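Colleague: Protein chains in written order, with this note's numbering: chain A, 1 to 609; chain B, 610 to 1218.
All C-beta atoms, glycine included, are put in the ideal place defined by N, C-alpha and C.
Note that the coordinates shown come from a computational prediction; the quantities given were computed from them, not determined experimentally.
1. Taking the alpha helix (DSSP H) that residue 118(A) falls in, what are its first and last residues?
2. With a Cβ-Cβ cutoff of 9 Å, do residue 1074(B) and residue 523(A) count as a contact?
3. For residue 1119(B), count neighbouring C-beta atoms within 10 Å of its own C-beta (all shown protein chains included) and say buried if the count is 16 or more, exposed if not.
4. Residue 1084(B) bridges to which residues according to DSSP?
5. Would you call residue 62(A) buried or exposed, if buried means 16 or more other Cβ atoms sit within 10 Å of its Cβ?
6. If you check the beta carbons only, do residue 426(A) and residue 214(A) fall under 9 Å apart?
7. In three-state DSSP terms, what is residue 911(B)?
8. Buried or exposed, going by whether 16 or more other CB atoms sit within 10 Å of the CB of residue 598(A)?
9. With 8 Å as the limit, tell me which residues of the region 1126–1143 of chain B have their beta carbon closer than that to any beta carbon of chain A; keep them in chain order.
10. In angstroms with no decimal places, state the Cα-to-Cα distance between residue 42(A) and residue 129(A).
11. Excluding the 5 residues preceding and the 5 following residue 88(A) in the sequence, name in chain order all residues of the same chain whose CB lies nearer than 7 Å to its CB.
12. Going by DSSP, what residues sit across from residue 505(A) in a beta bridge?
13. Using beta carbons (cut-off 9 Å, strictly below), is residue 1097(B) in contact with chain A?
14. Since residue 1172(B) meets chain C, which of its residues come closer than 8 Å, beta carbon to beta carbon?
15. Near residue 975(B), what residues of its chain come up, given a Cβ to Cβ distance below 7 Å and the 5 sequence neighbours on each side ignored?
16. Please name the residue in 1104(B), 1192(B), 1155(B) and 643(B) whose C-alpha comes closest to that of residue 863(B).
17. Alpha carbon to alpha carbon, what distance is there between residue 1209(B) and residue 1216(B)?
18. Is there a Cβ of chain B sitting closer than 9 Å to that of residue 159(A), yes or no?
19. Let me see if you follow: with CB-CB separation under 9 Å, is residue 462(A) close to chain B or not?
20. At least one CB of chain A closer than 9 Å to the CB of residue 939(B): is that the case?
21. Can you check DSSP and say which residues form a bridge with residue 1208(B)?
22. Using CA coordinates, which residue listed in 997(B), 706(B) and 807(B) is at the minimum distance from residue 904(B)?
23. Suppose the cutoff is 6 Å on Cβ atoms and the five residues either side in sequence are ignored; what does the same chain contact list for residue 19(A) look like?
24. Quick one: grab the DSSP three-state call for residue 213(A).
25. Just checking: is the beta-carbon of residue 1075(B) within a distance shorter than 9 Å of some beta-carbon in chain A?
26. Hey, is the region 962–977 of chain B in contact with the region 703–715 of chain B, meaning 3+ C-beta pairs nearer than 8 Å?
27. Using the DSSP secondary-structure output, state which residues sit across from residue 201(A) in a beta bridge.
28. Residues in the same chain with beta-carbon distance under 8 Å from residue 337(A), minus the five sequence neighbours each way, listed in chain order, please.
29. Determine the direct distance from the alpha carbon of residue 1059(B) to that of residue 479(A), and round the result to whole angstroms.
30. Is there a Cβ from chain B that is less than 9 Å from the Cβ of residue 23(A)?
31. Using C-beta distances below 8 Å, list every residue in its chain close to residue 395(A), excluding the 5 sequence neighbours before and after it, in chain order.
32. Please name the residue in 252(A), 266(A), 408(A) and 51(A) whose C-alpha comes closest to that of residue 209(A).
33. Give the range of the alpha helix (DSSP H) segment to which residue 770(B) is assigned.
34. So, helix, strand or coil for residue 942(B), using DSSP?
35. With a threshold of 16 other CB atoms inside 10 Å of the CB of residue 207(A), please say whether the residue is buried or exposed.
36. Under a Cβ-count criterion, where at least 16 other Cβ atoms within 10 Å of its own Cβ denotes burial, should residue 589(A) be classed as buried or exposed?
Here it is as structure tokens:
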């Protein structure tokens, strides 16, 4: 037709975390690709414990270590339990898949909702923590945390819109550096009798709470934020190299050990150096300064921490689309998202995630301590669900030696359930209420969508037999603004599709209308021209009304809209908007076929005529 | 066809500032509708002067009054000059229209660019000032200015997306209250020997600059921000009730007098009470506290000020679309914007404006003093241009007594030109460079767009004569995912448009493909079915490739895409995305007609079959 080389049809599809390293991850690689979120939570976990305890005075912070030990114990149980999850669900999918398989619809909706909420919170929390750690090194940024966060978010969004190809290799270095850094802080720090340098400005703590069970529970639930992210490995077993299950299990254990070491090490150091929260610096930054002084090592460490946290935030941009595609396949999100490999599609998810995270950050003004109470609850819901699912699984299958396994899972489930309740209750006022509100709303949304899709399918398959197609005479209406080559091609196309063709033009000035009539008469293409005058500055609605009338007369109508297609994509925004507007309005009418005729404009094209 | 009541076709079109009060404004109404931007600038204008002077020590602030007098004089000249602009250009349009008529293409581009930049800055500056004044009453907000600003911006955006119908009446009360408030502060304050109450915390000023001409120039240019917005009346003469010109001129004078009174009054008060900048409060808030104490009157005043500033920010949301439609009519912006009355269209403008303002606010972290240096420059470019235009106008027409008029305009032009240069140079380092960068870029953009449109028009009208349309045999390809009523209707429509119809289906699983074949055979509609298997999770690209091949075989192809149209709009997001995706990709191919067939789904509809 037009002598143009066909456009490239297979643009490089971005590879997501869910696909990036498909069938390629080693244990170490898995740790890099899947654990940043979990590992970086040591930056805010221990700090959260101290912050909670200090409400009962500085002396109360001595309880930090025991609480950390409890949390480490919980971590141990979770790791053991997740090794089983991995073995039982080698196809991954995490708590949502588990719940769907073994626990039924409602529970799976709960799992899905909590996962979505947590992915969003991971972005916000990691960015806020990153900003805080950056501000510890550069106090000038202290007054501009929100700006820093939003800038970081903008960068992440841009990168993910372009499509990221982050294989495990890319993440390996930052992950290793971060872990090494934290461990170095711990080791070096423990050898120091007292901190080399003290950063930040002292705070005065007025005792606002009594030291007691409630406070300890609060501190515990605050510390549980350190456990977020350890489920990621179980969600992504298919990404591992064979033997998948074994590798994934090893990775899970590795993560558990590393995480426990870091948390306990940091807490020991906090105890040894009698560290209390100080204005303008994170506790981890204080520990780093205590270990290395405030030289370049300190700056390097805080920068690495910030980078690691930014990458942790980035994981959600990769993981959420995977979950959304699962949900879409189950009719619980718009089908659109089931095609996450389609180039333009994943962008909606990215932008949506960015917007919600942005609102969250603005709402709490990038204050980490105001975000943390919302965090971790969803994670614990996931923990509990996947372990209950496991119990159900063992009890139904009953293989040899299933009893001890059930015991472990049941114990873990009970533990995490209790922890979850503690989290929800102790943090309810300070923000958990929001999660308790949003999660059910998400569940409602998912089930409404599911209901819609099923009802439509039923409606469409109501009749047993389908009729064979019978052609019906159709009128093609062609809206034109000018008499030019576009008009020529539009009429050619229209006459090729139907014998009954009418051209309509809407003009907001009288002389324009006259000019149009004259030109038309001069061309005389043998097609009727109807001229509508529209006093207001709107051309679309009069055309709509015109089409309405035609439909009202009982005609079968198709509207053919020529669209100028510039040779350079960058010019597309300059064309067709009016046509697309009309097309959009018409399509909602539900009675008119809208035909879009692309007209290439440019020398090459016009020559090839 | 389907027995459904046709949808309402004329949704209430939002009325913009540019149209809201069309042919209805009285002088007072005009003041309310068009001057909030100008009047509210007294909140930051005088403060900017003091802030500039205090760099040379507290004593230097004594120069505030003389500088304010100079600015008042400049204001006088501008008012006189704008009375002439109004008389000469009763159709409004402001500096852009003037430049287009009397000064040629390039100048008009400059005018347009500066106007656009200033509309955006008005939003950011007004919001930042509003946040500052709110924080003066509620110090707790002091650390969250950015959050406050972004919240305000979100509200404005939401309101404007819904479409505002703010007639002058709506704005009258806030405007009057604000003006009355400021004047009350001045009058009451001047009767006090010393401030009743002092708010904010004292600052220490270390002298960073010598007192001299440069400092005075800086202070002057800082104070010129108080003149922003006085051009708005001349831009909107058509909105006035007859006799338009006279009313508009009166309004301009009224504005000038009111503005001058407020500025000078505030400055006198600053002098009398020896007010210097204090931490956490605006100077206007200090004056208010000095006059009324910190009782409820103080809170009422600051709240009114905040409201007025928010409404001032809102004016841009109304004015920018008007300017953009002018530019679009001149081929200097996408034609889309010329139809600002089309319901969905104005939203793009609103969102774009909101986004840019958001970026600006984040970039300066909502610090007013970091935004002001960017402000006012564009305004002065506009001032100068419109007055030079006036000079040109008189010199060409030469009516009786044109000489004095030219004199005034020339004098005004010279003054504002000098002021503009002073502004640009003195503020260059502190931010004006940004404007100096963006304005030329906007000009470039506008002229590129203009060039594109003209080239397209030429390309389309190259051939003298047009051929009459000759039908060509067309193949209709129908992509289907299922064998159901959608398929039935799609085939009916396809066969009505062409005799050669092919159905194609892309399935990512083998058994799905088989099932499809079986159902097809059972239905046997007498149309060929091609099944494509797509291993990846993408269905769109294989279909593209299929269509590609058909086109490659030299066929004239139309692709008919059935779209499910749910009865409730809220469900639309759940359908058709895949189809629209395909349609979008196809349309960029420039060779295929894309036909969208809406299929209503819902009991009513299926019954009416």
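Modeller: Taking the definition as stated:
1. The count along the first chain starts at 1 and reaches residue 118(A) at position 118. Its alpha helix (DSSP H) spans residues 105–137.
2. In the second chain, residue 1074(B) corresponds to position 465, counting from 1. In the first chain, residue 523(A) corresponds to position 523, counting from 1. A Cβ-Cβ contact shorter than 9 Å links residue 1074(B) with residue 523(A).
3. Counting from one through the second chain, the residue named residue 1119(B) turns up at place 510. It is exposed - the Cβ of residue 1119(B) has fewer than 16 other Cβ atoms within 10 Å.
4. Here residue 1084(B) is taken as the residue at index 475 of the second chain, counted from 1. Beta-bridge pairing links residue 1084(B) to 1109(B) and 1166(B).
5. Stepping through the first chain from its first residue, residue 62(A) is reached at position 62. Flag for residue 62(A) reads exposed.
6. One-based indexing of the first chain puts residue 426(A) at position 426. One-based indexing of the first chain puts residue 214(A) at position 214. Taking 9 Å as the Cβ cut-off, residue 426(A) and residue 214(A) qualify as a contacting pair.
7. The sequence position of residue 911(B) within the second chain is 302, counting from 1. The answer is helix: DSSP assigns residue 911(B) an H, G or I state.
8. As a working mapping, residue 598(A) is identified with position 598 in the first chain. Here residue 598(A) is buried. Its C-beta has 16 or more other C-beta atoms within 10 Å.
9. Listed in sequence order: 1132, 1133, 1134, 1135 and 1136.
10. On the first chain, position 42 is the one that residue 42(A) refers to. On the first chain, position 129 is the one that residue 129(A) refers to. Their backbone Cα atoms lie some 11 Å apart in a straight line.
11. If you number the first chain from 1, residue 88(A) lands on position 88. For residue 88(A), where only same-chain residues beyond five positions count, the Cβ hits under 7 Å are 390 and 393.
12. Here the question's residue 505(A) lines up with position 505 in the first chain. Beta-bridge pairing links residue 505(A) to 531(A).
13. Looking up residue 1097(B) in the second chain gives position 488. Output row for residue 1097(B): interface = yes.
14. In the displayed structure, chain C is absent; the protein chains listed are A and B.
15. For this step, residue 975(B) is matched to residue 366 along the second chain. If you ignore the 5 residues before and after residue 975(B), its C-beta comes within less than 7 Å of the C-beta of 737, 740, 754, 755 and 758, all in its own chain and listed in chain order.
16. Position 254 of the second chain, counted from the first residue, corresponds to residue 863(B). The option with the nearest alpha carbon to residue 863(B) is 643(B).
17. By 1-based counting over the second chain, the position of residue 1216(B) is 607. By 1-based counting over the second chain, the position of residue 1209(B) is 600. Any reading at residue 1216(B) needs caution, since the residue's pLDDT is 34, under 50, leaving its predicted position unreliable; the model's value is listed next. The alpha-carbon of residue 1216(B) is positioned some 11 Å away from that of residue 1209(B).
18. Here residue 159(A) is taken as the residue at index 159 of the first chain, counted from 1. Not closer than 9 Å to any Cβ of chain B, the Cβ of residue 159(A) fails to qualify, so no.
19. Translated into positions along the first chain, residue 462(A) becomes position 462. Taking Cβ atoms only, chain B reaches closer than 9 Å to residue 462(A), which makes this a yes.
20. Indexing the second chain from 1 puts residue 939(B) at position 330. It does not: the Cβ of residue 939(B) has no partner Cβ on chain A nearer than 9 Å.
21. Numbered from its first residue, the second chain carries residue 1208(B) at position 599. Answer is 1173(B).
22. In the second chain, counting from the first residue as 1, residue 904(B) sits at position 295. Minimum Cα-Cα distance from residue 904(B) among the listed residues 997(B), 706(B) and 807(B) corresponds to 807(B).
23. If you number the first chain from 1, residue 19(A) lands on position 19. Per-residue confidence for residue 19(A) stands at a pLDDT of 40, beneath the threshold of 50, marking its modelled position as unreliable; the derived number appears in the next sentence. Correct list: empty, nothing qualifies.
24. The residue you call residue 213(A) lines up with position 213 of the first chain. Of the three classes helix, strand and coil, the one that applies to residue 213(A) here is helix, per DSSP.
25. Residue mapping note: residue 1075(B) aligns to position 466 of the second chain, counting from 1. It does: the Cβ of residue 1075(B) has a partner Cβ on chain A nearer than 9 Å.
26. As far as the Cβ criterion goes, the region 962–977 of chain B does not touch the region 703–715 of chain B, which means the pair count is below three.
27. Counting from 1 along the first chain, the entry for residue 201(A) is found at position 201. DSSP, once it has assigned bridges, lists 279(A) as partnering residue 201(A).
28. Here residue 337(A) refers to the residue found at position 337 when the first chain is read from its first residue. Same-chain partners within the cutoff: 321, 324, 325, 327, 328, 345, 348 and 349.
29. For the purposes of this step, residue 479(A) is identified with residue 479 of the first chain, where counting begins at 1. For the purposes of this step, residue 1059(B) is identified with residue 450 of the second chain, where counting begins at 1. About 24 Å.
30. The count along the first chain starts at 1 and reaches residue 23(A) at position 23. The pLDDT assigned to residue 23(A) is 48, lower than 50, so where the model puts this residue is not dependable; a value taken from the coordinates is nonetheless given after this. It does not; no Cβ of chain B falls within 9 Å.
31. Within the first chain, numbered from 1, the residue matching residue 395(A) stands at position 395. Within the same chain, and ignoring the five residues on either side of residue 395(A) in sequence, the residues whose Cβ sits closer than 8 Å to its Cβ are 402 and 406.
32. Against the first chain, residue 209(A) aligns to sequence position 209. Closest option to residue 209(A), Cα to Cα, is 51(A).
33. Stepping through the second chain from its first residue, residue 770(B) is reached at position 161. That run of the alpha helix (DSSP H) goes 754–771.
34. What you label residue 942(B) is simply residue 333 of the second chain in a count that begins at 1. Under the three-state reduction of DSSP, residue 942(B) is assigned to coil, being neither helix nor strand.
35. Your numbering for residue 207(A) matches position 207 in the first chain. Classification of residue 207(A): exposed, given that the 10 Å Cβ count is below 16.
36. Indexing the first chain from 1 puts residue 589(A) at position 589. With 16 or more other Cβ atoms inside 10 Å of its own Cβ, residue 589(A) counts as buried.
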